[in-house]
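Final position of the sequence shown in the numbering used here is 200; the numbers increase by one with none missing.
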Amino acid sequence: KAYILKIKSGQSELADSDIAEILGVGTGHPVMGFLGVKTALGDFSADAPNKKWLTDITQIPCKDGKLYIAPIMDCLGGEIIALAMDDNMKKKLCIKALKEAYTENRETDNTHSDAGSQYTSTAYKIELARHHAIQSMSAVGKCYDNARMESFFVTLKKEEVKKIVWRFVVYYNRRGLPQ
22 KAYILKIKSG QSELADSDIA EILGVGTGHP VMGFLGVKTA LGDFSADAPN
72 KKWLTDITQI PCKDGKLYIA PIMDCLGGEI IALAMDDNMK KKLCIKALKE
122 AYTENRETDN THSDAGSQYT STAYKIELAR HHAIQSMSAV GKCYDNARME
172 SFFVTLKKEE VKKIVWRFVV YYNRRGLPQ
């Protein structure tokens with residue numbers, strides 16, 4: 022079932038009753054519980070695929086500007102199961118990654134992120150609710166609550182720097198040594 026999200030002029034977020042109306046349920050319906058936010062996971066392990074997903078956004082500097090990526094990681098083996106990229110970090114980036122993960126016929130019990138505005142947006146919460154996923158978030162200023170995702174970003178950026186260094190070494194060697 023597709024839902025059309027209509028926000029009144031001047032309104033940045035929807036009330037629970039508005040969300041219930043969009044989903045076609047009452048405010049007491051169990052799906053409304055999925056729109057709540059659980060406390061941080063703390064435990065980044067899982068005993069089966071798709072039990073817990075981690076997500077976040079990072080910026081990668083490029084020659085022509087900034088690239089923002091929003092991967093989704095399965096906690097079981099650390100596999101990146103979805104990845105969205107864009108030149109901005111608006112909520113659409115995160116929703117795109119989430120939709121990509123769901124197009125692979127995956128479902129999750131829990132999706133964990135930081136408490137950025139993209140992840141606290143009503144549109145993101147509705148997308149999670151459509152798939153009956155419970156959202157958990159790191160406390161504000163507690164990046165270690167999502168340490169496994171942050172670790173992935175550090176590794177990604179180190180590997181990118183290594184590639185650049187090796188490309189430079191190859192270039193340097195090919196141009197000839199100074200006499």
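The C-beta atom is built at its ideal place from N, Cα and C for all residues, glycine as well.
Go ahead and label T176 buried or exposed: buried means 16 or more other beta carbons lie within 10 angstroms of its beta carbon, across all protein chains shown.
-> Locating residue 176 in the sequence shown gives position 155, counting from the first residue. Exposed: under 16 other Cβ atoms inside 10 Å.
How should I185 be labelled, buried or exposed, when 16 other C-beta atoms within 10 angstroms of its C-beta is the threshold for buried?
-> What you label residue 185 is simply residue 164 of the sequence shown in a count that begins at 1. Per the 10 Å Cβ criterion, exposed.
8 Å Cβ cutoff met for N167 and L75 | Walking along the sequence shown from the start, residue 167 turns up at place 146. Walking along the sequence shown from the start, residue 75 turns up at place 54. Result yes, Cβ atoms of N167 and L75 sit closer than 8 Å.
Which word fits R188, buried or exposed, when buried means at least 16 other C-beta atoms lie within 10 angstroms of its C-beta?
-> Stepping through the sequence shown from its first residue, residue 188 is reached at position 167. When all chains shown are included, R188 counts as exposed.
Are A105 and L114 closer than 8 Å when you measure CB to CB?
-> Position 84 of the sequence shown, counted from the start, is the residue given in the question as residue 105. Position 93 of the sequence shown, counted from the start, is the residue given in the question as residue 114. Result yes, Cβ atoms of A105 and L114 sit closer than 8 Å.
Below 8 Å CB to CB, which residues in the same chain sit around Y89 once its five sequence neighbours on both sides are set aside?
-> For the purposes of this step, residue 89 is identified with residue 68 of the sequence shown, where counting begins at 1. Excluding residues within five positions, the ones whose Cβ falls inside 8 Å are I78, T79, Q80, I81, M106, D107, D108, N109, M110 and L114.
Can you name, in chain order, every residue of its own chain whose Cβ lies under 8 Å from the Cβ of F173, other than the five neighbours on each side?
-> Residue mapping note: residue 173 aligns to position 152 of the sequence shown, counting from 1. Correct list, in chain order: P92, M94, G99 and I101.
Mind checking which residues open and close the beta strand (DSSP E) that includes K131?
-> Taking the sequence shown and counting its residues from 1, the one referred to as residue 131 is at position 110. With the sequence shown as reference, residue 131 is identified as Asn, and Lys is not the correct amino acid for it. Per DSSP, N131 belongs to the beta strand (DSSP E) from N131 to S134.
Kindly indicate the opening and closing residues of the beta strand (DSSP E) around M170.
-> Residue numbering aside, residue 170 sits at position 149 when the sequence shown is read from its first letter. Counting along the chain, M170 falls outside any beta strand (DSSP E), though it belongs to the alpha helix (DSSP H) covering A168 to R196.
Beta-carbon proximity check, D130 vs K72, cutoff 8 Å | Position 109 of the sequence shown, counted from the start, is the residue given in the question as residue 130. Position 51 of the sequence shown, counted from the start, is the residue given in the question as residue 72. Against a cut-off of 8 Å, the Cβ pair of K72 and D130 comes out as a contact.
Tell me, please, which residues DSSP counts as bridged to P82.
-> Along the sequence shown, one-based indexing puts residue 82 at 61. In DSSP, P82 forms a bridge with K87.
Of the choices R169, A150 and I116, whose alpha-carbon is the least far from that of A67?
-> For the purposes of this step, residue 67 is identified with residue 46 of the sequence shown, where counting begins at 1. When each option's Cα is compared against that of A67, the closest is R169.
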